[in-house]
Amino acid sequence: MSGKPTGVLLLAVLQLIAALLYIAAGGILVMAALALGGLFAILIAFPALIIFIVGIIGLILFYGLYALKGWAWFWALIINLLGIVGGVLRFETLLTDYLGLGGFAVSVIIVIYLLMPSTKAHFR
69 MSGKPTGVLL
79 LAVLQLIAAL
89 LYIAAGGILV
99 MAALALGGLF
109 AILIAFPALI
119 IFIVGIIGLI
129 LFYGLYALKG
139 WAWFWALIIN
149 LLGIVGGVLR
159 FETLLTDYLG
169 LGGFAVSVII
179 VIYLLMPSTK
189 AHFR
């Protein structure tokens with residue numbers, strides 16, 4: 069074992085899962101946009117790119133959380149709150165988008181865990 073608290077390791081793994089789900093969802097939407105072409109491609113490609121970028125940022129946060137970096141707590145909270153807001157804004161499509169729904173659920177769990185005082189203490 070690495071000496072890190074189990075909860076913090078779980079948090080890092082959840083961040084990794086959320087990041088991979090957002091990357092997959094963004095990638096699938098980009099492929100759908102390319103397949104549709106025209107105006108639909110433009111309407112789908114921009115949100116898809118944002119979802120994909122959120123996933124890439126999530127990978128960076130996974131590293132920071134795993135390494136107990138001080139900046140990781142703050143930015144993990146911000147990026148996961150943005151993921152939750154994005155999920156709420158697209159709630160009707162979220163119900164049929166299982167990858168997006170999975171990423172949304174994991175982001176909710178991460179935010180709850182990050183806000184626990186015992187978790188915050190490991191990142192100071």
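Converting from the sequence shown to the working numbering requires adding 68 to each position, the first position being numbered 1.
The beta carbon of each residue, even a glycine, is placed where N, CA and C say it ideally should be.
Inter-residue CB distance, Gly151 and Ser175 (contact presumed, cutoff 8 Å):
The count along the sequence shown starts at 1 and reaches residue 151 at position 83. The count along the sequence shown starts at 1 and reaches residue 175 at position 107. Between Gly151 and Ser175 a beta carbon distance of about 4 Å is seen, short of the 8 Å cut, so the two are scored as contacting.
Helix or strand or just coil, what does DSSP make of Pro115?
The residue labelled residue 115 in the question sits at position 47 within the sequence shown. DSSP places Pro115 in the helix class (H, G or I) of the three-state scheme.
List the whole-angstrom C-beta distance separating Val179 from Leu157, where the pair is believed to meet the contact cut-off of C-beta under 8 Å.
Here residue 179 is taken as the residue at index 111 of the sequence shown, counted from 1. Here residue 157 is taken as the residue at index 89 of the sequence shown, counted from 1. Wrong, their Cβ atoms sit about 16 Å apart, outside the cutoff.
Separation of Leu169 from Tyr131, as counted between CA atoms:
By 1-based counting over the sequence shown, the position of residue 131 is 63. By 1-based counting over the sequence shown, the position of residue 169 is 101. Looking at the two C-alpha atoms, the distance is approximately 23 Å.
Proximal residues to Leu82 (C-beta, below 8 Å), its chain only, five neighbours per side dropped
The sequence position of residue 82 within the sequence shown is 14, counting from 1. The answer, listed in chain order, is Val174, Ile177, Ile178, Tyr181.
Relative to the alpha-carbon of Lys72, which residue among Leu136, Ile124, Trp143 has its alpha-carbon at the smallest distance?
Here residue 72 refers to the residue found at position 4 when the sequence shown is read from its first residue. Of the listed residues, the one whose Cα sits closest to Lys72 is Leu136.
Report buried or exposed for Gly94, applying the criterion of at least 16 other Cβ atoms within 10 angstroms of its Cβ.
The sequence position of residue 94 within the sequence shown is 26, counting from 1. So Gly94 counts as buried.
Please determine, among Thr74, Leu78, Leu77, Lys188, the residue with the shortest C-alpha to C-alpha distance to Gly138.
Residue mapping note: residue 138 aligns to position 70 of the sequence shown, counting from 1. The shortest Cα separation from Gly138 among Thr74, Leu78, Leu77, Lys188 belongs to Lys188.
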